[in-house]
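Below is one structure, written out as structure tokens, with a few remarks after it.
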């Protein structure tokens, strides 16, 4: 999926801009978690990975003729549990919070 499509998919273009920039900067092995209310959401391939590992349902955000956008949601209270499990599965995490900026926790892959 190209960047221009990604930027126009979800109503909040700021989040999608951040998503594409962070994926380019940090790589595919980083799962990006966005704070949305009392949850952290993952999008696109990240949502597929997270839902597959944890058995979480994916929520349909947008459905169009050429693409579909899903999100996997993690409750804020369980964030560290999920981050630690992702770490041991070989994924780093990036937490994006509009108020606090973002935090990167990378894995050390061999």
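Numbering (the UniProt record's numbering), first residue to last: 1 to 110. In this text, a Cβ means the ideal position worked out from N, Cα and C, and glycines have one as well. As the structure is a computational prediction, the values presented were derived from the model and not from experiment.
Residue 94: buried (16+ other C-beta within 10 angstroms of its C-beta) or exposed? buried
How big is the Cα-Cα spacing for residue 47 and residue 72? 5 Å
Can you name, in chain order, every residue of its own chain whose Cβ lies under 8 Å from the Cβ of residue 53, other than the five neighbours on each side? 85, 86 and 89
For residue 59 versus residue 66, is the C-beta spacing smaller than 8 Å? no
What separation, rounded to the nearest whole angstrom, lies between the Cα atoms of residue 110 and residue 27? Unreliable positioning characterises residue 110 in this predicted model, as indicated by a pLDDT of 38, which lies under 50. The coordinate reading is nonetheless provided below. Going from the Cα of residue 110 to the Cα of residue 27 covers about 15 Å.
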